[in-house]
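Residue numbers (my numbering): 76 to 362.
Single-structure report; data block below.
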Amino acid sequence: MKCTYYLICFLLLLSSSYYSPLAAAQVITPQQVDALAERTLKTFDVPGMAVAIIKDGKVIHAKGYGVRSLKTKEKVDANTLFGIASNSKAFTTASLGILVDEGKLNWDDKVIKYIPEFKLYNDYVTQEFTVRDLITHRSGLGLGAGDLMFFPNPSNFTIEEVIHNLRYLKPVSAFRTKYDYDNLLYMVAGEVVHRITGKSWGAFVEERIMQPLQMTRSAASWSRLKDTTNVIAAHAPIDGKVQVIKRHQETFGSSAGGIYSSIADMSKWVIMQLNHGKYGNNPQKQL
């Protein structure tokens, strides 16, 4: 059974540049947004969700729908924290981008420059594998290769062991010829951040991305949350019925999918993206 351990926040991104004048005139009302959200909860059998609408660089709607837990029936609001799962990968890529901008890293640097013990099944691929390759899902490894090292939770593997074990994963396609979604290499990317900065990936993301954007309730992983009073409970379909389950505790893989955030905080992240890296009231201020 495929379990849904985290309920994902939805962002509706509306920008006048994306719409024709005719479409722009067709204004969606708050009541229509509410109706769509409630219909989504029922259609997908989801206990809770949060929606933000961003228009012209501003949040014009931010609201929670449904409940945080089917047991407690506590309501979701705009500050409810969700595990954003693989949306965390964008923060990992942004972290690398910051280091590139600072001249501490190049996208086409070989991974072995920073992690000498990094080794894949093929020696040539090992020698040629770049930081860019870590985040573009074209390594030659199959879909989800090695995921059983961290899923299902709990896992007693360390990042050092994962890096070592990569050499035993046989590729399913030639290097850089085929897209196959990958988690483990994003964990390696997080380790690259650590090796360059001396800080954990989580500390770097919070210091260099979340704090400047004032994502004050967000954290790079469950263990780094300062306040867990308003967090979505983990749910999964069991025997055809969605139920509260034990939460996945943090593993070494947060750079692939460990961030917790709210729709209020994620809106700040999206606005920064829409503004091409600029944020805050100062138009020159850039992440």
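Note that the Cβ used here is the ideal one computed from N, Cα and C, for glycine as well.
Item: Quick one: residues in its chain with C-beta nearer than 6 Å to the C-beta of L171, no 5 flanking neighbours on either side, listed in chain order?; Value: none
Item: With which residues is D156 paired in a DSSP beta bridge?; Value: The amino acid occupying residue 156 in the given sequence is Leu; Asp does not appear at that position. For L156, which the question treats as bridged, DSSP gives the partners V306.
Item: For S329, which residues of its own chain have a beta-carbon under 8 Å away from its beta-carbon, when the five flanking residues on both sides are left out?; Value: S163, G265, W276, G277, A295, S296
Item: Short check: CB of Y354 to CB of L259, under 8 Å?; Value: no
Item: Relative to the C-alpha of L145, which residue among D131, F166, D120 is closest?; Value: D120
Item: Between V102 and K343, what straight-line distance do the alpha-carbon atoms span, to the nearest angstrom?; Value: 23 Å
Item: Tell me the DSSP bridge mates of G123?; Value: G141
Item: Report the residue ranges of all alpha helix (DSSP H) runs contained in full by the segment 177 to 218; include only those spanning at least 4 residues, in chain order.; Value: 198 to 203, 206 to 209
Item: Would you say V186 and L216 are within 8 Å of each other, going by their C-beta atoms?; Value: no
Item: Go through its chain and collect everything with a Cβ distance to G248's Cβ below 6 Å, but skip five positions before and after it.; Value: At residue 248 the sequence reads Ser, which differs from the Gly that was named. The residues are G215.
Item: At 3 residues or longer, and completely inside the segment 315 to 361: list those beta strand (DSSP E) runs for me, N to C.; Value: 316 to 319
Item: Within a Cβ cutoff of 7 Å, which residues of the same chain sit near A53, ignoring the five residues on either side of it in sequence?; Value: In the structure as shown, the chain starts at 76 and stops at 362, and residue 53 therefore has no counterpart that could be examined.
Item: Output the boundary residues of the alpha helix (DSSP H) element that contains F279.; Value: 276 to 280
Item: What do you reckon, are the CB atoms on L156 and V306 nearer than 8 Å?; Value: yes
Item: Quick one: using the 10 Å Cβ neighbour count with 16 as the cut-off for buried, is Y256 buried or exposed?; Value: exposed
Item: Pick helix, strand or coil for A295, following the three-state DSSP scheme.; Value: coil
Item: Just the Cα atoms here: how many angstroms apart are N181 and T272?; Value: 14 Å
Item: If you check the beta carbons only, do I70 and I129 fall under 8 Å apart?; Value: The displayed coordinates of the chain run from 76 to 362. Any statement about residue 70 would go beyond what the structure contains.
Item: Give every residue of the same chain whose Cβ lies closer than 8 Å to the Cβ of A143, excluding the five residues on either side of it in the sequence, and list them in chain order.; Value: The sequence as given places Arg at residue 143; Ala does not occur at that position. Excluding positions up to five away in sequence, the list reads P122, G123, E149, K150, V151, T155, N305, V306, I307, A308.
Item: In this structure, how does DSSP classify K150 when only helix, strand and coil are distinguished?; Value: strand
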